[in-house]
Amino acid sequence: MAGIASRWALHVTFPLTAATVPKFLEGWRPVYAKFQNEPDLLTFDVVHSTQEEGTIRFVETWKTDPEGIMKVIMSDYFKDFLAANKTLVTKPIEVQFFKVFEDWKINKQ
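Read in order, the letters of the sequence shown correspond to residues -19 to -1, 1 to 90 in mature numbering (1 follows the signal peptide of the UniProt record, and there is no 0).
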């Protein structure tokens, strides 16, 4: 299909309670310091839902395929973060991959 590149978007949704969001984000801070150095990671945002209080989503863009992304997600530092915060998550974590349409990209800084 024209306009589709090898970039992938990943959305990881963490259902939390509003009260546990600060603790969750503080636990993410040291992992984020390592995570931002991943060579195939292009963009990363942490967003929160205005409809579902306490729901946090990591919105990422990668220049590798889902298999390459999963290698990072299964790294020790990321697995340690998930294990340390599993009691904060109220439902299963949702992971979604999307292939990026290059023709429909806006990147303003």
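Glycine is no exception: its CB is placed at the ideal position from the N, C-alpha and C atoms.
Assuming residue i contacts residue j under a Cβ cut-off of 8 Å, what Cβ separation, rounded to an integer in Å, is found between them?
i                : j             : result
valine 76        : proline -5    : With 8 Å as the limit, valine 76 and proline -5 do not qualify as a contact, their Cβ atoms being about 13 Å apart.
arginine 38      : threonine -7  : 5 Å
phenylalanine 16 : asparagine 66 : Their Cβ separation, rounded to whole angstroms, is 14 Å, which puts phenylalanine 16 and asparagine 66 out of contact at 8 Å.
Between residue i and the rest of its own chain, which residues show a CB-CB distance below 8 Å, the 5 nearest in sequence each way excluded?
i            : result
aspartate 46 : Ser(-14) and Trp(-12)
glutamate 19 : Val53
Whole angstroms is fine: what's the gap from residue i's alpha carbon to residue j's?
i                : j                : result
valine 28        : valine 40        : 7 Å
tyrosine 13      : isoleucine 50    : 15 Å
leucine 23       : alanine 64       : 25 Å
phenylalanine 82 : threonine 42     : 12 Å
aspartate 57     : tryptophan 9     : 14 Å
threonine -3     : phenylalanine 59 : 21 Å
valine 2         : glutamine 32     : 15 Å
aspartate 84     : phenylalanine 78 : 18 Å
methionine 55    : lysine 86        : 28 Å
glutamate 7      : glutamate 48     : 28 Å
I'd like to confirm the pairing. Which residues does DSSP put opposite residue i in its beta bridges?
i             : result
tryptophan 43 : Trp(-12) and Leu22
glutamate 33  : DSSP, once it has assigned bridges, lists no residue as partnering glutamate 33.
arginine 38   : Thr(-7) and Val28
glutamine 77  : His(-9)
CB-CB under 7 Å to residue i, same chain, minus the five flanking residues each way: which ones, in chain order?
i             : result
isoleucine 74 : Val(-8), Thr(-7) and Phe(-6)
glutamate 34  : Ala(-2)
lysine 72     : Pro(-5)
Can you tell me which of the options puts its alpha carbon nearest to the alpha carbon of residue i?
i             : options                      : result
asparagine 88 : Phe25, Gln32 and Phe78       : Phe25
threonine 36  : Ala(-1), Lys60 and Gly8      : Ala(-1)
aspartate 61  : Gln32, Pro11 and Glu33       : Pro11
leucine -10   : Ser30, Lys80, Glu7 and Glu34 : Lys80
Skipping 5 residues on each side, what residues in its chain have a beta carbon closer than 6 Å to that of residue i?
i         : result
lysine 44 : Arg(-13), Asp21 and Leu23
serine 30 : Thr36
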